[in-house]
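*Asks:*
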Amino acid sequence: MELPFAESWKIKMIEPIKKSTREQREQWLKEAHYNVFQLKAENVYIDLLTDSGTGAMSDRQWSALMLGDESYAGATSFYKFKQTIEKILGFKYVIPTHQGRAAENVLFSYLVKEGHVIPGNAHFDTTKGHIEARKAIAIDVTCPEAKDTQKELPFKGNVSLELLEKVLLENKGNVPFMVLTVTNNTVGGQPVSMKNIKETCDLCHKYGVPVVMDSARFAENAYFIKTREEGYKDKSIKEIAKQMFSYVDAATMSAKKDAIVNMGGFIATNNEEWYEGAKSFCIPFEGYITYGGLNGRDLNALAQGLEENTEFDMLQTRIHQVEYLASKLDEYGIPYQRPAGGHAIFVDADKVLTAVPKEEFPAQTLTCELYLEAGIRACEIGYMLADRDPITKENRFGGLDLLRLAIPRRVYTDNHMDVIAAALKNVYDKRESITRGVAIEWEAPLMRHFTVKLRRL
Ligand code: F0G
Numbered sequence: 501m502e503l504p505f506a507e508s509w510k511i512k513m514i515e516p517i518k519k520s521t522r523e524q525r526e527q528w529l530k531e532a533h534y535n536v537f538q539l540k541a542e543n544v545y546i547d548l549l550t551d552s553g554t555g556a557m558s559d560r561q562w563s564a565l566m567l568g569d570e571s572y573a574g575a576t577s578f579y580k581f582k583q584t585i586e587k588i589l590g591f592k593y594v595i596p597t598h599q600g601r602a603a604e605n606v607l608f609s610y611l612v613k614e615g616h617v618i619p620g621n622a623h624f625d626t627t628k629g630h631i632e633a634r635k636a637i638a639i640d641v642t643c644p645e646a647k648d649t650q651k652e653l654p655f656k657g658n659v660s661l662e663l664l665e666k667v668l669l670e671n672k673g674n675v676p677f678m679v680l681t682v683t684n685n686t687v688g689g690q691p692v693s694m695k696n697i698k699e700t701c702d703l704c705h706k707y708g709v710p711v712v713m714d715s716a717r718f719a720e721n722a723y724f725i726k727t728r729e730e731g732y733k734d735k736s737i738k739e740i741a742k743q744m745f746s747y748v749d750a751a752t753m754s755a756k757k758d759a760i761v762n763m764g765g766f767i768a769t770n771n772e773e774w775y776e777g778a779k780s781f782c783i784p785f786e787g788y789i790t791y792g793g794l795n796g797r798d799l800n801a802l803a804q805g806l807e808e809n810t811e812f813d814m815l816q817t818r819i820h821q822v823e824y825l826a827s828k829l830d831e832y833g834i835p836y837q838r839p840a841g842g843h844a845i846f847v848d849a850d851k852v853l854t855a856v857p858k859e860e861f862p863a864q865t866l867t868c869e870l871y872l873e874a875g876i877r878a879c880e881i882g883y884m885l886a887d888r889d890p891i892t893k894e895n896r897f898g899g900l901d902l903l904r905l906a907i908p909r910r911v912y913t914d915n916h917m918d919v920i921a922a923a924l925k926n927v928y929d930k931r932e933s934i935t936r937g938v939a940i941e942w943e944a945p946l947m948r949h950f951t952v953k954l955r956r957l
């Protein structure tokens, strides 16, 4: 008999989690203004809000913490971190930052000026926020197939070269760089193929435009290249990652994802001018250039995390779990962005809560329903997160309206996946009775989803 698949690690430490009653959750959600970001985490049973900073560190990472060098400047931890990044990403200049958005803030402070145009294959919200806050324009050049959630394609995170070229042509001299996000979180954790990475970079370079890789989930992207793209099955994850980075000019990274640390990030490049320029923003925003908002021990854990999470077995265990959850949703007929993403399943809320008008935020409503059903906290990646158009101030209803079930790395078991799928099925079964959504009572001008106050209609 063939042995079944199993995790490539065993569990050494556990943390208790607590169930609650529907009555309690009704009260808590009301107090949170129907915004799950405002819930107390202790009132959540299974937390799928994000896969960012929520992973379980390995025994190797915990032991690396003990060896942290907390010297203010020139710590051994910094050199170890720098050496690991140079080995895995191939960049010799590295600036540590406290997380991904801080890396964006430091680099964009140097590169982005008012009126600039920055194309990307669906910018993440903080990336878009950092661009728009500088009165520059973020343009999505995602491949159109990504919008059809039911279309099964291996690399739905790809850039549309046609759309990209149009932006480059129309904005000659005004595009400081392009952002290539791997995997493409906003469209469902979908990967970008090596072919598309190369072609995107070639096209940008033809117009003299550099490319910055937003590499939060580059290792998961490399896993998909290995398992889905012709010519890569015999290459190691590290070889694939190195090749991905070889085409781009710089990388920003939220290490809270694929480096499996609770906090951390960095900028890496071989462009000395960019390094020198960005460095001067690191010091006032983040701290001295050899720690940049991180402890020596954090740098150590980050380096170890990068090393181990660019191994095939680790990634296979992770993505297998996400696929397992997807297979349960298939069994129940629940529509999600197909195929399953690397870090999450994105349920197509528009197709579930068909009776809720888009003005009443179906995905946000589904987030509330799932929490009420079983204390599961997911996250809206839809119309609420899309914010308003900075010029017309209208809600941006043009994209997808998704409920993201982000799976923390090495945290939950497949039994938890069964609970999540069953809870969603229960909500799905009564979808026709859910006809009203939510209305905004208060919102911030930028990145409103974190703090928005809502009312149930
Ligand atoms: N880029 C991508 C693709 C991201 O997904 C995130 C964060 C960031 C940049 C910013 O990094 O959080 O370390 O400042 N994504 C998290 C999420 C928050 O839930 O998807 P950060």
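When the letters of the sequence shown are read in order and numbered with my numbering, they come out as residues 501 to 957. Don't be surprised by glycine CBs; every beta carbon is placed ideally from N, CA and C. Source: prediction; values computed, not measured.
1. Report the option in Leu-825, Phe-655, Gln-527, Thr-550 whose CA atom is closest to the CA atom of Val-919.
2. Using only the heavy atoms of the ligand F0G, determine whether one of them is closer than 8 Å to the beta carbon of Ser-609.
3. Count the other C-beta atoms from every protein chain shown that fall within 10 angstroms of the C-beta of Arg-818, then say buried if there are 16 or more, exposed otherwise.
4. What residue from Val-667, Gly-899, Gln-743, Glu-526 has the CA that sits closest to Ser-693's CA?
5. Buried or exposed: which applies to Tyr-593, given that a residue is buried once 16 or more other Cβ atoms fall within 10 Å of its Cβ?
6. Quick check for students: name the residue ranges of the beta strand (DSSP E) that lie wholly in the segment 863-939, counting only runs of 3 or more.
7. Is the Cβ-Cβ distance between Ala-778 and Phe-591 less than 9 Å?
8. Confirm, please, whether the CB-CB distance from Gly-765 to Pro-908 is below 9 Å.
9. Hey, would you say Leu-978 sits closer than 9 Å to Phe-578, going by beta carbons?
10. Just checking Gly-805 against the ligand F0G - is the residue's beta carbon closer than 8 Å to any of the ligand's heavy atoms?
11. What is the rounded straight-line gap between the Cα of Ile-575 and the Cα of Gly-796?
12. Helix, strand or coil: how does DSSP classify Asp-813 here?
13. For Phe-812, which residues from the same chain have a beta carbon less than 8 Å from its beta carbon, with the 5 sequence-adjacent residues on both sides left out?
14. If you check the beta carbons only, do Ala-886 and Arg-896 fall under 9 Å apart?
15. Between Lys-656 and the ligand HEM, is there a pair consisting of the residue's CB and a ligand heavy atom that are separated by less than 8 Å?
16. Relative to the C-alpha of His-705, which residue among Leu-668, Gln-816, Pro-890, Ala-719 is closest?
17. Please report the Cβ distance between Val-761 and Leu-815, rounded to the nearest whole angstrom; I am assuming they are in contact, meaning their Cβ atoms lie under 8 Å.
18. Looking at Gln-837 and Ser-558, is the spacing between their C-beta atoms short of 9 Å?
19. Mapping the DSSP letters down to three states, classify Asn-684 as helix, strand or coil.
20. Going by C-alpha to C-alpha distance, which of Ile-637, Ala-638, Pro-654 sits closest to Glu-645?
21. To which residues of the same chain is Ile-845 closer than 7 Å at the C-beta, ignoring the five residues directly before and after it?
22. What number of angstroms, rounded off, separates the C-alpha of Gly-787 from the C-alpha of Gly-833?
23. Would you list the residues sitting across from Lys-953 in a DSSP beta bridge?
24. Here's the rule: buried if 16 or more other CB atoms are within 10 angstroms of the residue's CB, otherwise exposed. What is Asn-915?
25. Which residues mark the beginning and the end of the alpha helix (DSSP H) in which Pro-784 is found?
26. Output the residue ranges of the alpha helix (DSSP H) runs that lie fully inside the segment 507-556 and measure 4 residues or longer, sorted by chain position.
27. For Met-566, which of helix, strand or coil comes out of DSSP?
28. Using the Cα positions of His-820 and Tyr-732, report the straight-line distance between them to the nearest angstrom.
29. Would you list the one or two residues that DSSP bridges to Ser-754?
30. Using C-beta distances below 7 Å, list every residue in its chain close to Glu-932, excluding the 5 sequence neighbours before and after it, in chain order.
31. Less than 9 Å separating the beta-carbons of Phe-677 and Val-641?
32. With DSSP as the reference, please indicate the residues paired to Gly-620 in a beta bridge.
33. Nearest by alpha-carbon distance to Tyr-871: which of Ala-541, Met-753, Ser-715 is it?
34. When the Cα atoms are used, what is the spatial distance from Ala-506 to Thr-865?
35. Of all the options Pro-504, Glu-502, Met-513, Met-501, which has the alpha carbon lying nearest to the alpha carbon of Arg-480?
36. Check this for me: beta carbons of Val-938 and Leu-903, under 9 Å apart or not?
*Replies:* Judging by the given coordinates:
1. The residue given as residue 919 occupies position 419 in the sequence shown. Nearest option by C-alpha distance: Leu-825.
2. By 1-based counting over the sequence shown, the position of residue 609 is 109. Because no heavy atom of the ligand F0G lies under 8 Å away, the Cβ of Ser-609 does not count as near it: no.
3. Position 318 of the sequence shown, counting from 1, holds the residue named residue 818. That one is buried.
4. Counting from one through the sequence shown, the residue named residue 693 turns up at place 193. Taking only the C-alpha atoms, the option nearest Ser-693 is Gln-743.
5. Taking the first residue of the sequence shown as position 1, residue 593 is located at position 93. Flag for Tyr-593 reads buried.
6. 879-881, 902-906
7. Locating residue 778 in the sequence shown gives position 278, counting from the first residue. Locating residue 591 in the sequence shown gives position 91, counting from the first residue. No, Cβ-Cβ distance for Ala-778 and Phe-591 is not below 9 Å.
8. Residue numbering aside, residue 908 sits at position 408 when the sequence shown is read from its first letter. Residue numbering aside, residue 765 sits at position 265 when the sequence shown is read from its first letter. Against a cut-off of 9 Å, the Cβ pair of Gly-765 and Pro-908 comes out as no contact.
9. Absent from the model: residue 978. The displayed extent of the chain is 501 to 957, so no value can be given.
10. Reading the sequence shown from its first residue, position 305 is the one you call residue 805. The ligand F0G never approaches Gly-805 closely enough for any of its heavy atoms to be under 8 Å from the residue's Cβ.
11. Counted from its first residue, the sequence shown places residue 575 at position 75. Counted from its first residue, the sequence shown places residue 796 at position 296. Ile is not the amino acid found at residue 575; the sequence shown has Ala there. For Ala-575 and Gly-796, the distance between alpha carbons rounds to 7 Å.
12. Residue 813 sits at position 313 when you count from the first residue of the sequence shown. Three-state result, Asp-813: helix.
13. To locate residue 812, count along the sequence shown from 1; it is residue 312. So the list reads Tyr-723, Lys-726, Ser-736, Ile-737, once near-sequence residues are dropped.
14. What you label residue 886 is simply residue 386 of the sequence shown in a count that begins at 1. What you label residue 896 is simply residue 396 of the sequence shown in a count that begins at 1. Arg-896 is positioned such that its CB atom lies closer than 9 Å to that of Ala-886.
15. As presented, the structure is devoid of the ligand HEM, carrying the ligand F0G as its sole ligands.
16. Numbered from its first residue, the sequence shown carries residue 705 at position 205. Out of Leu-668, Gln-816, Pro-890, Ala-719, Leu-668 has the C-alpha closest to the C-alpha of His-705.
17. Position 261 of the sequence shown, counting from 1, holds the residue named residue 761. Position 315 of the sequence shown, counting from 1, holds the residue named residue 815. With a Cβ gap of about 16 Å, Val-761 and Leu-815 do not count as contacting.
18. Reading the sequence shown from its first residue, position 58 is the one you call residue 558. Reading the sequence shown from its first residue, position 337 is the one you call residue 837. No, they are not a contact pair.
19. The residue labelled residue 684 in the question sits at position 184 within the sequence shown. Of the three classes helix, strand and coil, the one that applies to Asn-684 here is strand, per DSSP.
20. The count along the sequence shown starts at 1 and reaches residue 645 at position 145. With distances taken between Cα atoms, Glu-645 lies closest to Pro-654.
21. Residue mapping note: residue 845 aligns to position 345 of the sequence shown, counting from 1. Closer than 7 Å at the Cβ level, and outside the excluded window around Ile-845, lie Val-822, Leu-825, Ala-826, Leu-829, Tyr-836, Leu-905.
22. The residue you call residue 787 lines up with position 287 of the sequence shown. The residue you call residue 833 lines up with position 333 of the sequence shown. Their Cα atoms are separated by approximately 50 Å.
23. As a working note, residue 953 is residue 453 in the sequence shown. In the DSSP output, where bridge partners are listed per residue, Lys-953 has Trp-942.
24. In the sequence shown, the residue the question calls residue 915 occupies position 415. Looking at its Cβ environment, which holds fewer than 16 other Cβ atoms inside 10 Å, Asn-915 is exposed.
25. Against the sequence shown, residue 784 aligns to sequence position 284. Counting along the chain, the unbroken alpha helix (DSSP H) around Pro-784 starts and ends at 772-785.
26. 522-531
27. Stepping through the sequence shown from its first residue, residue 566 is reached at position 66. Looking at Met-566 - three-state DSSP - the assignment turns out to be helix.
28. The residue you call residue 820 lines up with position 320 of the sequence shown. The residue you call residue 732 lines up with position 232 of the sequence shown. Approximately 19 Å, taken between the alpha carbons.
29. Taking the sequence shown and counting its residues from 1, the one referred to as residue 754 is at position 254. According to DSSP, Ser-754 bridges with Gly-765.
30. By 1-based counting over the sequence shown, the position of residue 932 is 432. Cβ within range, chain order: Ala-855.
31. As a working mapping, residue 677 is identified with position 177 in the sequence shown. As a working mapping, residue 641 is identified with position 141 in the sequence shown. No, these two residues do not count as a Cβ contact at 9 Å.
32. Working through the sequence shown from its first residue, we reach residue 620 at position 120. Partner(s): Asp-640, Val-679.
33. Counting from 1 along the sequence shown, the entry for residue 871 is found at position 371. For Tyr-871, the nearest C-alpha among the options comes from Ala-541.
34. Your numbering for residue 506 matches position 6 in the sequence shown. Your numbering for residue 865 matches position 365 in the sequence shown. Approximately 35 Å between the Cα atoms of the pair.
35. It is not possible to answer for residue 480, since the shown part of the chain is limited to 501 through 957.
36. Taking the sequence shown and counting its residues from 1, one reaches residue 938 at position 438. Taking the sequence shown and counting its residues from 1, one reaches residue 903 at position 403. Not closer than 9 Å, so no.
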